Structure formats: C-alpha cells, structure tokens
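Quick notes on the structure that follows.
In my numbering, the protein residues as written are 13 to 429.
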C-alpha cells in the first residue's frame, strides 16, 4: 500500500500535505494521528498553538444507545413517512404478535427503526403517505447534489452567493483521493472509499451525507439538507443513520470530524455517546465524559501526559468562537524556518529529532521523480543535508515523517510539485 503525497509548507497553525491517491487503510491511520482531509488537502492541526483546538473524536457504534430525544426524532420521521392512514390499515393487515408488540414498546433497535420508513422495507398495500429512499452513491458531482449544497450553505450557514460555487463544491466534496473498493471479512463485504449517501423524499433529493468509508470507521466529511426538511431534524437523522451504518457493516466506529470545545455549534457532537477523544500526544483514546469536559472548560489544550497544565484560557468566549472553514494562508510563527518538530513549544504528537534519526527509515523514504520511484538516500547532497534545515529536501522529508509517524513513513511515496 502506497500513498503518494506532495508537500506544502506548514500554513497557519496546521501542517499540510497534498495527495493524489490515498489508500483507505493509510487514511485510517492518519485519522488516528490527528489528521483530516479537505478534498485532496491533508492537514494536521497544532492544538497547542491554535486558538480553537480541533480534537479528533469517535464513537463506538457497538456501545451506542440513542437518547430519548434521538429516538423521538426517528419515530416522528417514520410516522411522517407512513402517515396515519397507512399505520391504521397496516396494523389490521399485518398484526404483530404479543411478543413483537411488547418488544417494540420496550426496546429501541436503531438498526431496525432507522430503516423502517424506507420504501423497500414497507409492506404494501396500502401505500404510505410518502416514498423515502436512501442510497449509497459514488461521490461524483451532479446538479441535484449542488442544489442541496447551495441551499444549505445559503440558508443554514448564511453564506453570501459570492462564496458558493460549483468549483468549491467539487473541490471540497467531490474530489476525494480515496479509491473505491470492497473489503470482505468473515463473509461480510463492505465498501471502502468516498461516497455520497443520498436521501430522497417522493423522488426528490433532500439530503446528502458525504462519507469516507474506511476499514474501521465511517468518517463523516459533511452533511447537508434542503431547508424544506429542517423541521424533521435531519442533522440528527443523518448522524444516527451513519452510526447505524458503522454497526451494520461492521466498521465499528463513527468519526464525526473535529470537535472544537469553544464552538457552541459543535456541542451537538457530544450528544452522541460514548464518544472518545484522541489524545494529541499519545494518540490513545480518552472517554469524553464530564471530567474531560470540565478540563476543556478550564483550558483549551488537554492531554493525559501533560506534565505542566496550560493556564486557563481567560479570553475564551464560547458564544462567539467559530471554526474556520478553510485553512489559514499565513504563518504567524516568527521562527517559520525552523522544522516543525524543533519549534518551541513543539507541535504535540510529532516524532522528536532523535526519533526521526534513530527510529524512522529516513534514508529509505520513497520519492517519485517523473514516473520513477527512488529512495531518499539516492538523492544528490542527501548525506550532507541536515534535518534541521527546513529549506532542504532532507528537512522537508523529516517534517513529514515526524507528522505521519514511523509506520506510515515506510509506506508513503513523496513527490514535489
């Protein structure tokens, strides 16, 4: 497995890389080291320097139990699809046994209920009030998908028309570097790669969930819906369906993207539990409980291995802080010529200079020149260059190795634009 990447200089408070092709297994490992993608751009935020640290979070679908509010959203939407006439007549034509009725009244099976309103699951006659379908489709651009995107950005995010474009939609949500394939384990086959989960009501597209399906997770890239279905709680319905997909297809985990504690608009992600937060230094998973929330209320940066706690954030204003939609294009670090692994304070989770030299295969990193792959030690001046020189090829390669880790460094192929 190889994942060619081209390098960009670290911008703002993140480290960036551009990719042409990214194997799902490779990207899964990147997620578990605090990376994320936006189209073909990969980025790893510096949580210590950022004013609004972006934490990787995930939910174990096997442990998930929907709240009363979440159950009600699903039930109300199913009732809307079926309609009272169908519900009454179907109860007469297809009566439940006493045991079935008791189980339905006392248990809530998400995998069963989430599909209850789908056209192919409904017994007929009679006909339900509405026709509802959900399909997993390739992530290609279509006009009907763009219509949903334009409406969502304009109505929900209040973006001006000048900031909404087909080119932006294509680059952000239709240009995935992840190839599509399937994986079969224990006789069960699941798709891998980037997909659009499309929701249609009475034949009209009303919502799209942009998903990266990886070996151990359903990674939510974006979710958008038409204003006409806002009252049905489609944000919650989309999240619950993605969690259900993670369980049904045995991906196990649902990654809801980055979590920014100071951003009120992101607090909803904590409503789905149990969630776990990726420790930015050890890359272990910490239960996102009230104790951890309390720490984040006191200081913006938290790690289990933190020997000296960060001072409380006196300027944090959770009512006005919002995440940026695009990476910053400037670096405020006055010492930007210093490699990211040697700066003070160091970016958390990176390999140290010593680890880069002693543990990483620095001399054997694959590098693509033209159409041919070589190893770094074959480059002219490689032996005389220093990893501490951020302007040298060796320094640039060392930065990337420090950010992706030893195991992924052995698999990647680097190219320069």
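Every residue, glycine too, gets a C-beta built ideally from N, C-alpha and C.
Source: prediction; values computed, not measured.
Here the C-alpha atom of residue 352 lies approximately 8 angstroms from the C-alpha atom of residue 27. Runs of alpha helix (DSSP H) with 4 or more residues, each lying fully within the stretch 188 to 268, are found at 246 to 260, listed in chain order. Only buried fits residue 68, as 16 or more other CB atoms lie within 10 angstroms of its CB. Counting only the Cα atoms, residue 133 lies some 13 angstroms from residue 147.
In the DSSP assignment, residue 385 is bridged to 380. Ranking 121, 217, 355, 287 by CA distance to the CA of residue 155 puts 217 first. Note that the C-beta distance between residue 421 and residue 377 is below 8 angstroms. For residue 428, the closest C-alpha among the options 409, 417, 418 is that of 409. Residue range 67 to 72 is occupied by the beta strand (DSSP E) that includes residue 67. Burial check for residue 308: the Cβ neighbour count within 10 Å reaches 16 or more, so the residue is buried.
With a 10 Å radius around the Cβ and a threshold of 16 neighbouring Cβ atoms, residue 84 comes out exposed. Three or more Cβ pairs closer than 8 angstroms define a contact, and the stretch 126 to 140 meets that threshold against the stretch 81 to 97.
If you draw a 10 Å sphere on the C-beta of residue 411, you find 16 or more other C-beta atoms in it, and that means buried. Residues of the same chain with a CB within less than 7 angstroms of the CB of residue 61, apart from the 5 flanking positions on each side, are 25 in chain order. If you check the CB distance, residue 50 and residue 184 come in under 8 angstroms. DSSP links residue 57 through a beta bridge to 26. The distance from the Cβ of residue 224 to that of residue 206 is about 5 angstroms, consistent with a contact at the 8 angstroms cut-off.
In this structure, 220 is the residue among 200, 203, 220 with its C-alpha nearest to the C-alpha of residue 209. Between residue 250 and the set 122, 228, 275, the nearest pair of CA atoms involves 122. In the displayed model, residue 298 falls within a strand according to three-state DSSP. Under the DSSP assignment, residue 152 falls outside any alpha helix (DSSP H); it carries neither an H nor an E label. Its chain contains no residue whose beta carbon lies nearer than 6 angstroms to that of residue 398 once the 5 sequence neighbours on both sides are disregarded. For residue 287, no alpha helix (DSSP H) run applies; the uninterrupted beta strand (DSSP E) run containing it begins and ends at 287 to 290, by DSSP. With a beta-carbon spacing of about 10 angstroms, residue 54 and residue 43 fall beyond the 8 angstroms limit used to define contacts. Judged by DSSP secondary structure, residue 39 falls within the alpha helix (DSSP H) whose first and last residues are 36 to 43. Contact between the stretch 275 to 290 and the stretch 224 to 241 is absent, with fewer than three C-beta pairs closer than 8 angstroms. Using a 10 angstroms sphere on the CB of residue 113, the tally of other CB atoms stays under 16, which defines it as exposed. Within the same chain, Cβ atoms closer than 7 angstroms to the Cβ of residue 165 are found at 171, 176, the five residues on either side in sequence being excluded.
In the three-state scheme derived from DSSP, where H, G and I count as helix and E and B as strand, residue 31 is classed as strand. Between the alpha carbons of residue 293 and residue 106 lies a distance of about 56 angstroms. For residue 145, the secondary structure class from DSSP, reduced to helix, strand or coil, is strand. Looking at the DSSP output, residue 49 sits in a beta bridge with 54. Ranked by Cα distance from residue 369, the options 355, 384, 395 are led by 395. Judged by DSSP secondary structure, residue 311 falls outside any alpha helix (DSSP H); it is assigned neither H nor E.
Rounded to the nearest whole angstrom, the CA to CA distance from residue 314 to residue 167 is 35 angstroms. Between residue 232 and residue 291, the alpha-carbon positions lie close to 20 angstroms from each other.
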